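Asks: According to this note's numbering, the sequence shown is numbered sequentially starting from 64.
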Amino acid sequence: MSEFAFELELCAHLESVGRPETADTDIVARQLGGAVAKPGGRILDIVCVEPGPAFEDRLALTSETIPDAAIEADVGPGTARYWKRAFPDDCHPERAKSAVERALEIDFFEADLRNGRRYVRQVARYPDWYGRIVGIENKPDLGTPGDLEAQLRTDASLGLVDEAVLATESYVTRAHLNRIPEEIGVWRVSRGERSEGSTAGALEIEVIREPTPLAVDEPGVEPLEYQPGHTDIAIVPPERKARTRRRIAERAFGKGWRTFRFPDCEACEPTNDGGGETSDAVGDGRPGDSGSGATTPLPFCQWKGRVVDAESECGPACPGYKPGAEPEIDLETERDRRTPWRRDPSGRRRRQSGLDQFG
Ligand code: SF4
64 MSEFAFELEL CAHLESVGRP ETADTDIVAR QLGGAVAKPG GRILDIVCVE
114 PGPAFEDRLA LTSETIPDAA IEADVGPGTA RYWKRAFPDD CHPERAKSAV
164 ERALEIDFFE ADLRNGRRYV RQVARYPDWY GRIVGIENKP DLGTPGDLEA
214 QLRTDASLGL VDEAVLATES YVTRAHLNRI PEEIGVWRVS RGERSEGSTA
264 GALEIEVIRE PTPLAVDEPG VEPLEYQPGH TDIAIVPPER KARTRRRIAE
314 RAFGKGWRTF RFPDCEACEP TNDGGGETSD AVGDGRPGDS GSGATTPLPF
364 CQWKGRVVDA ESECGPACPG YKPGAEPEID LETERDRRTP WRRDPSGRRR
414 RQSGLDQFG
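1) Taking only three categories from DSSP, how would you classify valine 110?
2) For a test of your reading of the model: does the CB of proline 326 fall under 6 Å from any non-hydrogen atom of the ligand SF4? Yes or no.
3) Count the other CB atoms, across all protein chains shown, that sit within 10 Å of the CB of proline 403; report buried if there are 16 or more and exposed otherwise.
4) Using a 10 Å radius around the Cβ and a threshold of 16 neighbouring Cβ atoms, would you call proline 326 buried or exposed?
5) Would you grab the beta carbon distance between isoleucine 196 and valine 112 for me? Rounded to a whole angstrom, and I think it's under 8 Å.
6) Select from Ala305, Ala68 and Val186 the residue whose C-alpha is nearest the C-alpha of aspartate 131.
7) Report the rounded CA-to-CA distance for phenylalanine 316 versus glutamate 135, giving the unit in angstroms.
8) Which same chain residues end up closer than 8 Å to proline 408 when comparing Cβ atoms and leaving out the 5 residues on each side of it in sequence?
9) For isoleucine 271, I'd like the list of residues in its chain whose CB is within less than 6 Å of its CB, leaving aside the five on either flank, ordered along the chain.
10) What separation, rounded to the nearest whole angstrom, lies between the Cα atoms of serine 233 and glutamate 212?
11) Here's the rule I'm using: 16 or more other beta-carbon atoms within 10 Å means buried, otherwise exposed. How should asparagine 241 be labelled?
12) Roughly how many whole angstroms lie between the Cα atoms of serine 161 and isoleucine 106?
13) Say whether the region 67 to 77 touches the region 92 to 110, bearing in mind that this needs 3 or more beta-carbon pairs closer than 8 Å, one atom from each stretch.
14) CB of glycine 383 to nearest heavy atom of the ligand SF4: below 6 Å?
15) Examine the Cβ distances between the region 201 to 216 and the region 155 to 175 and report whether three or more of them are shorter than 8 Å.
16) Would you mind giving the Cβ-Cβ distance between cysteine 331 and proline 362, rounded to the nearest angstrom? I have them listed as a contact below 8 Å.
17) Output the distance between the C-alpha atoms of glutamate 84 and histidine 293, rounded to the nearest integer angstrom.
18) Sort out for me which residues DSSP pairs aspartate 175 with in a bridge.
19) Beta carbon of proline 274, beta carbon of valine 224: below 7 Å?
20) What is the C-beta distance between isoleucine 129 and isoleucine 90, in whole angstroms, given that I count them as a contact (C-beta under 8 Å)?
Structure below.
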């Protein structure tokens with residue numbers, strides 16, 4: 064299985080069935096930054112965010128990612144403030160302006176005009192909405208590990224997520240386990256029995272090793288560059304980790320994992336393979352079908368016999384390409400329908416509120 068297919072199918076499974084031995088339904092997202100000192104230096108394949116005590120309040124607030132600068136701004140739900148005075152001196156005016164603009168657009172801020180100046184307040188206090196964050200590194204084939212060991216060493220020493228897990232399809236040997244930091248959990252992902260009408264069985268996860276909770280409240284060590292004979296590192300204080308964790312949770316909430324598209328090729332037949340039993344069973348994923356065990360449809364290619372990445376694999380250069388219509392599947396609607404997330408929780412259409420209109 065390609066890493067892309069593995070990732071989509073595992074996301075679908077985790078969203079519908081949950082992580083092994085957990086009762087909660089997480090917010091599941093993919094491809095989020097997992098570094099602090101060197102943003103972009105580590106990308107987490109899958110992130111699972113556990114709902115916290117005020118999850119319902121977050122659901123009601125906005126479906127989008129709330130910009131970090133807007134959350135940190137000195138703006139509460141009580142008294143409105145002149146927007147230019149709500150940001151610390153070290154916040155660049157353009158960053159402040161775009162944060163206010165976006166916060167207004169997504170209904171996190173509301174504004175009124177006084178003497179030609181725009182005053183803003185939060186629509187509701189930013190809620191304590193997320194709990195533990197779990198990072199999952201996908202490596203279906205341990206025979207081609209790439210940077211796997213370095214990536215997992217970063218996760219263990221930085222302690223940005225509460226737990227880090229390696230997910231693989233390979234048979235995991237004692238030698239593999241010895242090379243992976245002991246804090247990292249290991250899942251072996253396999254397929255169960257193929258059901259009638261499905262191209263493959265649902266995923267099953269065997270826990271080979273439980274993850275050890277990481278020290279998110281303590282300083283972390285982030286490797287920056289590996290040089291001959293030594294490694295450049297940054298010591299990351301817990302406050303910076305906490306801010307980055309909030310950014311990860313917000314990005315996960317706004318982005319989710321359905322960041323793919325379907326190919327405009329006749330060989331693509333959307334399928335729900337990879338999922339498991341769900342309470343919201345609506346079929347085998349093909350548009351219009353109904354049945355059991357469904358999750359969000361995935362871009363399954365009949366010609367390749369697997370889920371494909373339309374961005375990098377599909378088009379006239381592919382020998383199996385037959386021009387056709389892209390399946391009409393609205394992935395935001397799928398997310399709205401199958402998870403607690405709501406695409407428009409306020410029931411209002413988005414406002415456009417460019418700051419150019421006010422001072
Ligand atoms: S991989 Fe090729 S055959 Fe399959 S859906 Fe994409 S373009 Fe079509």
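Virtual Cβ for every residue (Gly too), placed ideally from N, Cα, C. What you are looking at is a predicted structure, and each value in this text was computed from that prediction instead of being measured.
Replies: The short version:
1) strand
2) Yes; taking the cut-off as 6 Å, the Cβ of proline 326 has a heavy atom of the ligand SF4 nearer than that.
3) exposed
4) Burial of proline 326 is indicated by the presence of at least 16 other C-beta atoms within 10 angstroms of its C-beta.
5) 5 Å
6) Ala305
7) If you draw a straight line from the Cα of phenylalanine 316 to the Cα of glutamate 135, it comes to about 18 Å.
8) Leu122, Ala123, Leu124, Thr125 and Ser126
9) Val235, Val249 and Arg251
10) 16 Å
11) exposed
12) 25 Å
13) yes
14) At least one heavy atom of the ligand SF4 is found less than 6 Å from the C-beta of glycine 383.
15) no
16) About 6 Å separates the CB atoms of cysteine 331 and proline 362; that is less than 8 Å, so the two are in contact.
17) 40 Å
18) Tyr182
19) no
20) Isoleucine 129 to isoleucine 90, Cβ: 14 Å. No contact.
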